[in-house]
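Enquirer: Please see the structure below; I have some questions.
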Amino acid sequence: MIEIHGFVIVPPINKWDELYKDKIWIDSSSHTFGKTEVQAWRRFIGPIEYGSISFEDRIYHWFSRGYKLKKAKLEIYEE
52 MIEIHGFVIV PPINKWDELY KDKIWIDSSS HTFGKTEVQA WRRFIGPIEY GSISFEDRIY
112 HWFSRGYKLK KAKLEIYEE
């Protein structure tokens, strides 16, 4: 087994969805896995076009709406 430690970006969860938090986080954050915090945010935000707002401002935009960085671990098993 190989373990890769990294980070993901998870969405905010309201009280009604608290029971399904794990499924929501898996479905909505697995594509954001990165080995560093910046890599996870870049995967979440996507490409930034020249002349648009800065990368830091985009992080603040999403962070202020409740999206958070969480530690994550990817496990790869050899069959």
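According to this note's numbering, the sequence shown is numbered sequentially starting from 52. All C-beta atoms, glycine included, are put in the ideal place defined by N, C-alpha and C.
(1) Thr83: buried (16+ other C-beta within 10 angstroms of its C-beta) or exposed?
(2) Which residue marks the beginning of the alpha helix (DSSP H) containing His112, and which one marks its end?
(3) May I ask which residues mark the beginning and end of the beta strand (DSSP E) holding Lys124?
(4) Applying the 10 Å Cβ sphere with the 16-neighbour rule, what's the burial state of Ile110?
(5) Do Phe58 and Glu88 come within 8 angstroms of each other at the CB atom, strictly closer than that value?
Expert: Looking at the atomic coordinates:
(1) Translated into positions along the sequence shown, residue 83 becomes position 32. Buried.
(2) Working through the sequence shown from its first residue, we reach residue 112 at position 61. 106 to 114 is the span of the alpha helix (DSSP H), which, as asked, contains His112.
(3) Position 73 of the sequence shown, counted from the start, is the residue given in the question as residue 124. It spans 119 to 127 - the beta strand (DSSP E) in which Lys124 sits, taken as one unbroken run.
(4) Translated into the one-based positions of the sequence shown, residue 110 becomes position 59. Classification for Ile110: buried.
(5) Here residue 88 corresponds to residue number 37 of the sequence shown, with the count starting at 1. Here residue 58 corresponds to residue number 7 of the sequence shown, with the count starting at 1. It is a contact, given that the beta carbons lie within the stated cut-off.
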